[in-house]
Amino acid sequence: MIFSTSIFYINVAFVLKTAFCPIMLSTLLLGFIWAVIMAFRDGIARLQKLHRIPCDRCVYFTGCQYLKCTVHPHKALTEEAGDCLDFEPASARKLVYQGSRKRWSKTRSIQP
Ligand code: SF4
46 MIFSTSIFYI NVAFVLKTAF CPIMLSTLLL GFIWAVIMAF RDGIARLQKL
96 HRIPCDRCVY FTGCQYLKCT VHPHKALTEE AGDCLDFEPA SARKLVYQGS
146 RKRWSKTRSI QP
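If you want my numbering, it's the 1-based position in the sequence shown plus 45.
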């Protein structure tokens, strides 16, 4: 009697293991794929947000690491500058200081 009961429990454990293991693995795999997709979407949304920062095309942008903007020095090149009301498009090339390279260079020209 004890032997048949233990065999019964072993069989139940085997059936449960074989039934739930693929389900758990599939759930884990789907969760991983979902997390990768969400991270990819978040990355794209963040990149789009960063590309909306207009400071490098603004006339008030200096390019100097000590004073990036003469109007909003703390706001320049941050996400807050995405909706800056003082944005003034630079209509011609201007010189900006490239601090890391220790030289002045021209920004890209912006056509009005
Ligand atoms: S005025 Fe606004 S958009 Fe222009 S550089 Fe300063 S923070 Fe950026």
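Glycine is no exception: its CB is placed at the ideal position from the N, C-alpha and C atoms.
Beta-carbon separation of glutamate 125 and cysteine 103 under 7 Å?
Annotated as distal: glutamate 125 and cysteine 103, with beta-carbon spacing of 7 Å or more.
Please classify phenylalanine 48: is it buried, with 16 or more other beta-carbons within 10 angstroms of its beta-carbon, or exposed?
exposed
Apply the 10 Å Cβ neighbour rule to lysine 94 and answer buried if 16 or more other Cβ atoms are within range, or exposed otherwise.
exposed
Straight-line Cα distance separating lysine 113 from glycine 88
26 Å
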